[in-house]
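Quick notes on the structure that follows.
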Amino acid sequence: MYKIAVIPGDGIGKEVMEATLHILDASDIEFEFKFADAGDEYAEKTGIPLPQETIDIVKQSQACLFGAAGESAADVIVKLRRELDLFVNLRPVKAYPGTKCIFDDVDFVIVRENTEGLYSGIEEYTEDGATAVRVITNKASERICRFAFEYAEKTGRKKVTAVHKANVLKKTDGIFKNNFYKVAEEFTEIETDDRYVDATAMFLITHPNMFDIIVTTNLFGDILSDEGAGLVGGLGLIPSANIGENQGLFEPVHGSAPRLAGKGIANPSAMILSAVMMLDYLDENEEARKLEKALITVLRENKVVTADLGGDATTMEMAAEVKTKFVRE
Ligand code: NAI
Ligand code: MG
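The numbers in the numbering used here rise by one with no breaks, and the one at position 30 of the sequence shown is 30.
Here it is as structure tokens:
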């Protein structure tokens, strides 16, 4: 029995969460779901977007499923990442059948440092403008690189590429690159490589298959992972994991999509794939493959799918179809 915190949040976050829980209900694995509040709607009622009670519920759980917040996203998800020290942002970029992809065999993972870099929050006005401080530490660089190599070992991936701009950002990215090669010495079975971020941005479009795992600093990872989303069919399909020493939080990359909200037509795939990542995190790999396979079948058949995938099914109709295949697997 796993204790799972569930934060549906706002807009389509609530809808894709309901759809995903409906499918997990058919799992052989037992979950105890503990619902927690956060987001715009909760803030309208109470004045605070993320109550301490929610942070406590997440801390007492083995994993957390998060839907989406609206305008309060920075106060909710960024705060949760900090409170729980979720130092890894893991985003698989994988082309599924039946979706609009530039290439149909893309399959790589971006491991983004989630706590420092140019998002350190240290910004100040100067006499003529402003400056932002790009914080790169040995500690955070080493732990994110170690995570990337351990993740490669665990998932059978063969190559880790460090992405940086050490030719210009000599000190900060020099430290990042040094830590990468220091950690790499412990993982001799895995191929290593490093590239500049600007060239990487181009190669992701022209030769995405040269990448297996990319490990990079906060801002570069943020930008490259949205580029990755564009490569494989858009926001309705992209899950993510935020991982710390003792905690994992799994969420679709998309937000509350106010224009879609309330209509029941959002694509639940990104949330379902976030649940797949949660199952893998809990080492329930067999169940993860079962759920992923059920979704892939529905995507490939392209019959009972939502409007963004060319169909006319509702969120819950598509979820019911995935559930049917999941039970049969
Ligand atoms: P968004 O991701 O909510 O939506 C952008 C567009 O992508 C939508 O209009 C829709 O066309 C499409 N889309 C997104 N998810 C979809 C799905 N599941 N199925 C089908 N189409 C989908 O981003 P936007 O519009 O920039 O932000 C809306 C709100 O969400 C804002 O208040 C923002 O602050 C918040 N947000 C929250 C995030 C979080 O909680 N982690 C992340 C990103 C935005
Ligand atoms: Mg982003």
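Using N, Cα and C, we set each Cβ at its ideal position, and we do this for glycine too.
Just so we're clear, the structure is a prediction, and the values are computed from it rather than from any experiment.
Contact under 7 Å by Cβ, residue i with residue j
i, j, result
"residue 329", "residue 294", "yes"
"residue 244", "residue 110", "no"
"residue 249", "residue 242", "yes"
"residue 74", "residue 115", "no"
"residue 201", "residue 11", "no"
"residue 252", "residue 225", "no"
"residue 151", "residue 62", "no"
"residue 14", "residue 50", "no"
"residue 229", "residue 238", "yes"
"residue 76", "residue 38", "yes"
"residue 32", "residue 55", "no"
"residue 95", "residue 104", "yes"
"residue 309", "residue 106", "no"
Residue i versus residue j: straight-line alpha-carbon distance, rounded
i, j, result
"residue 298", "residue 20", "14 Å"
"residue 208", "residue 285", "26 Å"
"residue 6", "residue 156", "30 Å"
"residue 131", "residue 121", "11 Å"
"residue 176", "residue 240", "23 Å"
"residue 67", "residue 246", "21 Å"
"residue 126", "residue 135", "19 Å"
"residue 22", "residue 319", "7 Å"
"residue 102", "residue 302", "18 Å"
"residue 304", "residue 70", "28 Å"
"residue 87", "residue 81", "7 Å"
"residue 196", "residue 112", "15 Å"
"residue 153", "residue 292", "21 Å"
"residue 174", "residue 324", "51 Å"
"residue 277", "residue 108", "14 Å"
"residue 17", "residue 129", "43 Å"
"residue 149", "residue 211", "14 Å"
"residue 8", "residue 44", "16 Å"
"residue 322", "residue 296", "9 Å"
"residue 330", "residue 34", "Only positions 1 to 329 of the chain appear in this structure, which leaves residue 330 out of reach."
"residue 72", "residue 64", "18 Å"
"residue 164", "residue 184", "16 Å"
"residue 124", "residue 40", "28 Å"
"residue 98", "residue 172", "42 Å"
"residue 133", "residue 170", "15 Å"
Neighbour-count burial assignment, residue i, 16 or more Cβ in a 10 Å radius
i, result
"residue 52", "exposed"
"residue 233", "buried"
"residue 205", "exposed"
"residue 188", "exposed"
"residue 300", "exposed"
"residue 179", "buried"
"residue 327", "exposed"
"residue 199", "exposed"
"residue 168", "exposed"
"residue 46", "exposed"
"residue 58", "buried"
"residue 290", "buried"
"residue 283", "exposed"
"residue 281", "buried"
"residue 262", "exposed"
For the stretch 144-158 and the stretch 211-227, state whether three or more C-beta atom pairs, one from each stretch, are separated by less than 8 Å. yes
Does the stretch 23-38 come close enough to the stretch 87-97 that 3 or more CB-CB pairs lie under 8 Å? no
Quick test of the definition: if touching needs 3 or more C-beta pairs under 8 Å, does the stretch 309-326 touch the stretch 254-273? By the Cβ test, the stretch 309-326 is in contact with the stretch 254-273, since at least three Cβ pairs between them sit closer than 8 Å.
Looking at C-beta atoms only, is the number of pairs between the stretch 159-172 and the stretch 190-201 that lie closer than 8 Å three or more? Three or more beta-carbon pairs separated by less than 8 Å link the stretch 159-172 to the stretch 190-201, which places the two stretches in contact.
Minimum length 3: unbroken beta strand (DSSP E) runs contained in the stretch 80-118: 88-94 and 107-113
Of all the alpha helix (DSSP H) runs that stay within the bounds of the stretch 145-204, which reach a length of 4 or more residues? 172-184
3 or more residues per run - each beta strand (DSSP E) lying fully within the stretch 247-301: Listed in chain order, they are 248-252.
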